[in-house]
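Student:
Number of protein chains: 2
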Amino acid sequence: MPYPWGFMSNETLGARVRFSPVILAGGSGTRFWPRSRRARAKQVLALQGERTMIQQTLERLQPVAEMSDVWVITNALLRDVIQAQLPEISVEKVLAEPCARNTAPACALAAFLLERTEPDTVLGVFPSDHVVANPARFAEVMQAAIKLAAAGENIVVLGVQPTRPETGYGYIEQGSMLAADEPIVAHRVKRFREKPDAHTAERFLAAGNFVWNGGIFVWSARTLANAVREHIPEMAGPLEAIAAAYGTSEFEAVFAKEYAECENISVDYAILERRSAKGEKRSNIFCLPADFGWNDLGSWSSLHEHLGQTPQDNVMDGETTGLFAIQSKGNYVYAPGKTVALLGVDGLVVVETPDALLITTSARSQDVSKLVRAIHESGREDLI
Amino acid sequence: MPYPWGFMSNETLGARVRFSPVILAGGSGTRFWPRSRRARAKQVLALQGERTMIQQTLERLQPVAEMSDVWVITNALLRDVIQAQLPEISVEKVLAEPCARNTAPACALAAFLLERTEPDTVLGVFPSDHVVANPARFAEVMQAAIKLAAAGENIVVLGVQPTRPETGYGYIEQGSMLAADEPIVAHRVKRFREKPDAHTAERFLAAGNFVWNGGIFVWSARTLANAVREHIPEMAGPLEAIAAAYGTSEFEAVFAKEYAECENISVDYAILERRSAKGEKRSNIFCLPADFGWNDLGSWSSLHEHLGQTPQDNVMDGETTGLFAIQSKGNYVYAPGKTVALLGVDGLVVVETPDALLITTSARSQDVSKLVRAIHESGREDLI
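So the sequence lines, in the order shown, correspond to chains A and B. When the letters of the first sequence are read in order and numbered with the working numbering, they come out as residues 90 to 473. When the letters of the second sequence are read in order and numbered with the working numbering, they come out as residues 90 to 473.
Spelled out as structure tokens, the structure:
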């Protein structure tokens, strides 16, 4: 099957398509507690490297987008720090959601905003808290995704080759392959699958045609706006009202009132799953490989894996002043300004901030959000 | 067998005996690293309660001694902090060893100092870093020990009823019991036994007549001085010279020169073992029960046990601001000013200071000195 842009050459297309990245940065980031807090979520932390996650997100978009075309959707607690970290982005393109409503309203709002003036603009949705080891490959894949999305009513998603039967991610079931002679192999999407149980995840892995949903979606503003009208029609009215008020003195008030009306639902559930139910051919959803060293750094242990050469390595983070380890391996310790001494301990995660000390294990670090919930329920909002 | 003071009544004896405690406070205290450092050894830390170990040591001697009769033998690094912590002790009775020489020279020096003016003074040697849960009972036992030591050439040691086959302590093999109608049951000492291997420790425990050497020794100045002349004669000359210079302008210089000549050896090895080799009857060493809740707090895990109600308890030390624990038990955490969050961890020891973070387990915490050695060998003297 040929690529759906048919006769268009890359160059022609490249010159014609306007691409507008929408960076989603409203996450509350409890998984990296105690470093991450409500007002200092994961995306504004430099968990890996010197620049923050959102700064790195923007940086790798530079080869494929004009900075003046980038939107950021965040929340009121994070807006200031994000504006400070991303001075390239114009202030009016950093929107703070008046309330948390998951990804569907955020993506849809961007579509309605752009549809008013430039419905052909291709819009890419990007999480702000993932890492990419190979930014050059990222740019290549994005260019292909943009072309594919620009060629009609296509929706492009990015799939990560799974390396383990992970139950924490959604999966994409891939169908038939597109033109194998293209530099980037695309598949039609058969179905989106929610986070599976362990048994199902094993089955997905064995089947071979399942990939992790990388959380990156590309489509034209018109395609997305129409998909909203079709699959979540009750959301269209409020979002059109917000888009109409954008740039006026009414905007904040309209945004606050109408956004609250929107359903709290992810774009995966609200649009992609419903669309994929139409069948592989009619849904026109395509999956490109996120083969650029994608990592969502979902927990302290995944950061540990990302930073260590091997799982046996002790990783000292936060500019520790030294490490002494005796019969200890596979530990992750964040202890800025301290010398760390390990004696007979394996697989621990220890994270220290000025007001808190977390001690857990690699295996349990994905449950840190449970701790955060317990802290919240105890009324210790100073720690949240 | 009657008590060896024969016809003397307690009251008569109590009125006549002068008692001079000698607090040994020269230990380097590596086992409580990173809280303990060379210049902030265990004995000057408040590991348990609000007062430091050495302050508590002095406090429990108050019922049995005049404060003006107390001596402290420490080192140059600790002298200032000890003088500040013990303002009751006159400055000239806080001696700083010019070099570390273990307990034999320190005890012997005290004996020679006192022998010059008051050879009948009973001298008690006390570690400065142990805890005593029942100070009233401690005072009772000490009164009996003082009487026993005052009645001739007797040496009195204190034995702790063992609760486990500990290989980290010396043992005392007890012989025949003295007058069972006395309020405090004393035994003649058969032999001193060095720290045993695990198998031997099991045997000692099973035998029933072995107790741990509690490190407290009581004897008259004359008895100890004569024991030095008999068992470590080469040490007598230097120490007599130091004693003779005490109170003169030559003291510091003589102390530095002569003390360095003394053998680096413990009083247990140098005197008590050798004396006990003379046989139970001729050695005149008596053991009284240290049944006053003795604990030497030998490691972080023993402090944990001491502070916790049960071994399953999580003990938060250092005025933490809160604890959140999920599926975690038996952890000891010292994290001043922080809230501690535990998730799925058991039996850990975590100790934080402004410059260092120790992470180990209860089981391994007695090996903290190995870490300290590694740190020393790496040249990081700032952490020692």
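Cβ coordinates follow ideal geometry from the N, Cα and C atoms, glycine included.
1. Could you list which residues in chain A have their beta carbon closer than 9 Å to that of B:Lys182, in chain order?
2. With a cut-off of 8 Å, does the C-beta of B:Gly95 fall near any C-beta of chain A?
3. What does DSSP give as the partner residue(s) for B:Gln263 in the beta ladder?
4. Can you find at least 3 beta carbon pairs, one from the stretch 369-386 of chain A and one from the stretch 271-280 of chain A, that sit closer than 8 Å?
5. Given a cut-off of 8 Å on the beta-carbon distance, is the pair B:Arg127 and B:Leu175 in contact?
6. Using a Cβ cut-off of 7 Å, which residues of the stretch 400-418 of chain A contact any Cβ in chain B, in chain order?
7. Quick check: the Cα distance between A:Ala130 and A:Thr119, rounded to an integer number of angstroms?
8. Go ahead and pull the three-state DSSP assignment for B:Lys381.
9. Which one of B:Ala234, B:Phe413, B:Val220, B:Ile473 has the shortest CA to CA distance from A:Gly468?
10. Compute the distance between the beta-carbons of A:Asn191 and A:Asn353, then report whether it is under 8 Å.
11. Do you know whose CA, among B:Glu207, B:His465, B:Asp218, lies nearest B:Glu148's CA?
12. Can you confirm whether A:Ala239, when its beta carbon is compared against all beta carbons of chain B, has any partner nearer than 8 Å?
13. With a threshold of 8 Å between beta-carbons, can A:Val274 be considered close to chain B, or not?
14. Please state whether DSSP places A:Asp218 in a helix, a strand or coil.
15. Hey, does B:Gly468 have any beta-carbon neighbour from chain A nearer than 8 Å?
16. Starting from the N-terminal side, write out each stretch of the alpha helix (DSSP H) that is 4 residues or longer and does not extend beyond the stretch 366-437 of chain B.
17. Out of B:Gln250, B:Lys236, B:Glu255, which has the shortest C-alpha to C-alpha gap to B:Gly297?
18. Starting from the beta carbon of A:Ala128, find every residue of chain B whose beta carbon is closer than 7 Å, and list them in chain order.
19. Helix, strand or coil for A:Val106 per DSSP?
20. Does the Cβ of B:Gly213 have 16 or more other Cβ atoms within 10 Å, making it buried, or fewer, making it exposed?
21. Can you give me the Cβ contacts of B:Asp357 inside the same chain, cut-off strictly under 7 Å, excluding the 5 residues immediately before and after it?
22. Starting from the beta carbon of B:Gly433, find every residue of chain A whose beta carbon is closer than 8 Å, and list them in chain order.
23. Would you mind telling me which residues of chain A sit closer than 9 Å to B:Ile464, beta carbon to beta carbon, in chain order?
24. What residues of chain B sit near A:Lys459, judged by a beta carbon separation below 9 Å?
25. Check whether the stretch 132-148 of chain B touches the stretch 181-189 of chain B, counting contact only when three or more Cβ pairs, one atom from each stretch, lie closer than 8 Å.
26. Rank A:Glu329, A:Gly387, A:Thr409, A:Thr410 by C-alpha distance to the C-alpha of A:Trp122 and give the top, closest one.
27. Determine the contact status of A:Val245 and A:Ala238, defining contact as a CB-CB distance below 8 Å.
28. So, is the C-beta of A:Leu392 closer than 8 Å to a C-beta in chain B?
29. Going by beta-carbon coordinates alone, are B:Ile261 and B:Phe306 separated by less than 8 Å?
30. In or out: A:Met266 buried (at least 16 other Cβ within 10 Å) or exposed?
31. Which residues mark the beginning and the end of the beta strand (DSSP E) in which B:Asn164 is found?
32. Check whether the Cβ atoms of A:Thr432 and A:Ile448 sit closer than 8 Å, and answer yes or no.
33. Does any residue of chain B have a CB that is nearer than 8 Å to the CB of A:Leu134?
34. With a threshold of 8 Å between beta carbons, is B:Val439 in contact with chain A?
35. Taking the beta carbon of A:Pro272 as the centre, do at least 16 other beta carbons fall within 10 Å, making it buried, or is it exposed?
36. Just curious, the beta strand (DSSP E) that B:Val300 is in, first and last residue?
Tutor: For this structure:
1. What B:Lys182 touches in chain A: nothing, since even the nearest Cβ is about 37 Å away.
2. Any reading at B:Gly95 must be qualified, since the residue scores a pLDDT of 44, below 50, and its modelled position is unreliable; the value itself is stated next. By this cut-off, B:Gly95 is not an interface position.
3. B:Val278.
4. By the Cβ rule, the stretch 369-386 of chain A counts as touching the stretch 271-280 of chain A, because three or more pairs are nearer than 8 Å.
5. Not a contact, by the Cβ cut-off of 8 Å.
6. The residues in question are Gly411, Phe413, Ile415.
7. For A:Ala130 and A:Thr119, the distance between alpha carbons rounds to 8 Å.
8. A small correction: the amino acid at residue 381 of chain B is Phe; Lys does not occupy that position in the sequence shown. B:Phe381: coil per DSSP, three-state reduction.
9. Taking each of B:Ala234, B:Phe413, B:Val220, B:Ile473 in turn and checking the Cα distance to A:Gly468, the smallest one comes out for B:Phe413.
10. Result yes, Cβ atoms of A:Asn191 and A:Asn353 sit closer than 8 Å.
11. From the listed residues B:Glu207, B:His465, B:Asp218, the smallest Cα separation to B:Glu148 is found for B:Asp218.
12. No, its Cβ sits nowhere closer than 8 Å to a Cβ of chain B.
13. Taking Cβ atoms only, chain B never reaches closer than 8 Å to A:Val274, which makes this a no.
14. Coil, per DSSP.
15. At a cut-off of 8 Å between C-beta atoms, B:Gly468 does not count as an interface residue with respect to chain A.
16. Runs of the alpha helix (DSSP H) inside the stretch 366-437 of chain B: 369-372, 389-396.
17. In terms of CA proximity to B:Gly297, B:Gln250 leads the group B:Gln250, B:Lys236, B:Glu255.
18. Under a criterion of Cβ atoms nearer than 7 Å, no residue of chain B is adjacent to A:Ala128; the nearest Cβ is some 17 Å distant.
19. For A:Val106, the secondary structure class from DSSP, reduced to helix, strand or coil, is coil.
20. Classification for B:Gly213: buried.
21. Excluding residues within five positions, the ones whose Cβ falls inside 7 Å are Gly259, Phe281, Asn302.
22. Simply Thr449, Thr450, Ala452, Arg453, Asp456.
23. The answer, in chain order, is Gly411, Phe413, Thr428, Ala430.
24. At a C-beta separation below 9 Å, A:Lys459 has these neighbours in chain B: Ile415, Leu432.
25. No, because fewer than three Cβ pairs between the stretch 132-148 of chain B and the stretch 181-189 of chain B fall closer than 8 Å, the two stretches do not touch.
26. In terms of CA proximity to A:Trp122, A:Gly387 leads the group A:Glu329, A:Gly387, A:Thr409, A:Thr410.
27. Remark: C-beta atoms of A:Val245 and A:Ala238 approach each other more closely than 8 Å.
28. Among the CB atoms of chain B, none fall inside 8 Å of the CB of A:Leu392.
29. In terms of Cβ geometry, B:Ile261 and B:Phe306 do not form a close pair [threshold 8 Å].
30. With a threshold of 16 other beta carbon atoms within 10 Å, A:Met266 falls short and is exposed.
31. Per DSSP, B:Asn164 belongs to the beta strand (DSSP E) from 160-164.
32. Just to set this straight, residue 432 of chain A is Leu in the shown sequence, not Thr. Their beta carbons are not under 8 Å apart, which means A:Leu432 does not touch A:Ile448 by this criterion.
33. Put simply, the CB of A:Leu134 is far from chain B, with every gap to its CB atoms at 8 Å or more.
34. By this cut-off, B:Val439 is an interface position.
35. In summary, A:Pro272 is exposed, with fewer than 16 beta-carbon neighbours lying within 10 Å of its beta-carbon over all protein chains present.
36. 299-309 is the extent of the beta strand (DSSP E) around B:Val300.
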